[in-house]
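For the sequence shown, the tail end lands on 480 under the numbering used here, and the numbers increase by one without skipping. Ideal Cβ placement from N, Cα and C applies to all residues, glycine included. If you're wondering where the values come from, they're calculated on a predicted model, not measured in any experiment. Single-structure report; data block below.
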Amino acid sequence: MTVNLADFSAEALSRAFRRREASPVNAATAVFTRLDQWQPKINAFCFEDRERTLADARASEARWQAGAPLSPLDGVPISIKDLILTKGWPTRRGSRTVDPAQLWNDDAPSVARCREAGLVIIGKTTTPEFGIKGTTDNTLTGITRNPWNVERTSGGSSGGSAAAVAAGIGPLSIGTDGAGSVRIPAAFCGGFGLKPSFGRVPAWPLSPFGTVAHLGPHTRTVTDAAMLMNVISRPDARDWTSLPFDARDYTVGLNDGIRGLRVAFSPKLGYVTKVHPAVAAAVRRSAEKLAELGAHVEEVDPGFNNPLEITMKLWFIGSATLYGGMTAEQQALVDPALAAQAAAGARVTVPELQALTKRRGELGILMRKFHERYDLLVTPGVSVPAFKARASNEWDTPIEQFLDWTPFSYPFNLTQQPACVCPCGFDDDGLPLATQIVGPMHGDALVLRAARALESAQPWATMAPLS
């Protein structure tokens, strides 16, 4: 059987590098071969510089040969969502309004930490314009598609990252999540996606969408996500909202299991009216599996009403800020969805904003109290499997239905809690389904531990879309 390094997890690549059974150069080459195979079908990348990538891989190979790697992930390929600054490469944010011919002198904190750890950046992944929606399509680079079925969306806004990891174009990617943007595409593409506690992964520049925006890993395995968290969670003074440095190793205790944990299983969060039957059945099986593994699982809702209005209005204020800072010429170039969101955001008054902020705080308090009784909350990841992919000008969804198909995601951006999605099966069309695990604020390690327990009981990393 032929070994393809593009199919290796980050953990497996690290082990192979250490044993000198593989090299970072060979790994990068394998990933580029896989990219060439998949890119015409799924359109997951918007920028690459193979000469620079291979130079970084050769430098990593020399460090391993000298017995002096910068970290366990030295030489492992990683991609970066095109909302995240990457020095020397344009960050166009999926927008024709951004001029690529400018100086790109800065790495965002997570990218800087990756370079310090020796990871090899293979390219930038696609995003909807400024990350404004839960599908990945824009007027600059077009549609990003799902590797499991190229007629379906990859989700968004980190759809390029999720599609790349699912297709084996690197085992790691970094995405952003403002209302589900790591978890939605990970769920649709059959990968593992983690939205850490707000501030755990430093961000700079701060998002125009404010304190709902998180950065987190896309991976094929939970262990890989834990390893990447060890790198990107390190501090950066440019993010004044970041949490104090925590020296924990997220891989320690990862396999300790969940026996005795108190798990709330909420199949509809108390307000969701429509969940696809395949999603509902698969997530219930996950809850039952957690009980088999020793957790005390109780079917119970957290007790809050749908916070969609809070999310939408706060989000649309961010869109209005973006749009309002553009010239008329730039405004004429944007995705119609951004213009519509900006118009809605401009109508939000200051008293409304104050009321929304108060309601958001009440939701956060409710969930803090909820987690005094329950260690974890389990829900569906997304209420539906991946739907048809469309171009930016083909969507006819009313703005009021902006997020109604992903009602399990955005509440936990408002509360800033850690949450992940784990693959949990397929529907009758062969599309991936996902379970969400939500932890208490700062309980990132606990969320990873529970996800690893579920992964150990129903492995998913060996499942891959056919090319």
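With DSSP as the reference, label residue i as helix, strand or coil.
| i | result |
| --- | --- |
| residue 384 | helix |
| residue 78 | helix |
| residue 328 | helix |
| residue 322 | helix |
| residue 529 | One cannot answer for residue 529 here, as it falls past the ends of the chain, which runs 14 to 480. |
| residue 366 | helix |
| residue 275 | strand |
| residue 287 | coil |
| residue 432 | strand |
| residue 446 | strand |
| residue 297 | helix |
| residue 224 | helix |
| residue 372 | helix |
| residue 251 | coil |
| residue 401 | strand |
| residue 266 | coil |
| residue 144 | helix |
| residue 451 | strand |
| residue 158 | strand |
| residue 377 | helix |
| residue 440 | coil |
| residue 150 | strand |
Just how far apart, CA to CA, sit residue i and residue j?
| i | j | result |
| --- | --- | --- |
| residue 143 | residue 57 | 16 angstroms |
| residue 241 | residue 329 | 31 angstroms |
| residue 101 | residue 117 | 5 angstroms |
| residue 247 | residue 215 | 8 angstroms |
| residue 105 | residue 171 | 14 angstroms |
| residue 87 | residue 354 | 41 angstroms |
| residue 356 | residue 340 | 16 angstroms |
| residue 444 | residue 165 | 9 angstroms |
| residue 252 | residue 269 | 33 angstroms |
| residue 245 | residue 190 | 15 angstroms |
| residue 292 | residue 201 | 11 angstroms |
| residue 153 | residue 409 | 19 angstroms |
| residue 63 | residue 277 | 47 angstroms |
| residue 207 | residue 229 | 6 angstroms |
| residue 319 | residue 285 | 8 angstroms |
| residue 1 | residue 304 | Given that the chain is displayed from residue 14 to residue 480, the structure contains no residue 1 and the question cannot be resolved. |
| residue 396 | residue 312 | 18 angstroms |
| residue 222 | residue 416 | 16 angstroms |
| residue 350 | residue 358 | 12 angstroms |
| residue 423 | residue 322 | 11 angstroms |
| residue 310 | residue 386 | 12 angstroms |
| residue 233 | residue 28 | 16 angstroms |
Give every residue of the same chain whose Cβ lies closer than 7 angstroms to the Cβ of residue i, excluding the five residues on either side of it in the sequence, and list them in chain order.
| i | result |
| --- | --- |
| residue 428 | 376, 377, 380 |
| residue 66 | 41, 133, 134, 135 |
| residue 61 | 135, 136 |
| residue 43 | 17, 18, 19 |
| residue 181 | 19, 20, 47, 477 |
| residue 113 | 103, 105 |
What is the residue span of the alpha helix (DSSP H) that residue i lies within?
| i | result |
| --- | --- |
| residue 465 | 457–470 |
| residue 37 | 37–55 |
| residue 425 | 424–427 |
| residue 237 | 235–245 |
| residue 355 | 349–359 |
| residue 163 | First-last for residue 163: 162–166, but that is the beta strand (DSSP E), not the alpha helix (DSSP H). |
| residue 173 | 172–179 |
| residue 311 | Taken as a continuous stretch (DSSP letters only), residue 311 belongs to no alpha helix (DSSP H), being part of the beta strand (DSSP E) at 309–312. |
| residue 342 | 341–344 |
Below 6 angstroms CB to CB, which residues in the same chain sit around residue i once its five sequence neighbours on both sides are set aside?
| i | result |
| --- | --- |
| residue 438 | 295, 446 |
| residue 83 | 130, 131 |
| residue 26 | 40, 89 |
| residue 480 | 50 |
| residue 111 | 105 |
| residue 463 | 271, 389, 450 |
| residue 69 | 133 |
| residue 160 | 55, 176, 179, 180, 478 |
Ordered along the chain, which non-local residues of its own chain (more than five positions away) have a Cβ less than 8 angstroms from that of residue i?
| i | result |
| --- | --- |
| residue 151 | 107, 108, 139, 140, 141, 142, 348, 405 |
| residue 460 | 207, 389, 431, 432, 433, 450, 451, 452 |
In the DSSP assignment, the beta strand (DSSP E) including residue i goes from what residue to what residue?
| i | result |
| --- | --- |
| residue 201 | It is not in any beta strand (DSSP E) - residue 201 instead sits in the alpha helix (DSSP H) that spans 196–202. |
| residue 206 | 205–208 |
| residue 230 | 227–232 |
| residue 391 | 389–393 |
| residue 134 | 133–138 |
| residue 185 | 185–190 |
Within the 8 angstroms Cβ cut-off, does residue i reach chain D?
| i | result |
| --- | --- |
| residue 280 | The chain inventory of the structure shown lacks chain D, comprising one protein chain alone. |
Could I get the ranges of all uninterrupted beta strand (DSSP E) runs contained in the segment 60–122, with 3 residues as the minimum, in chain order?
90–94
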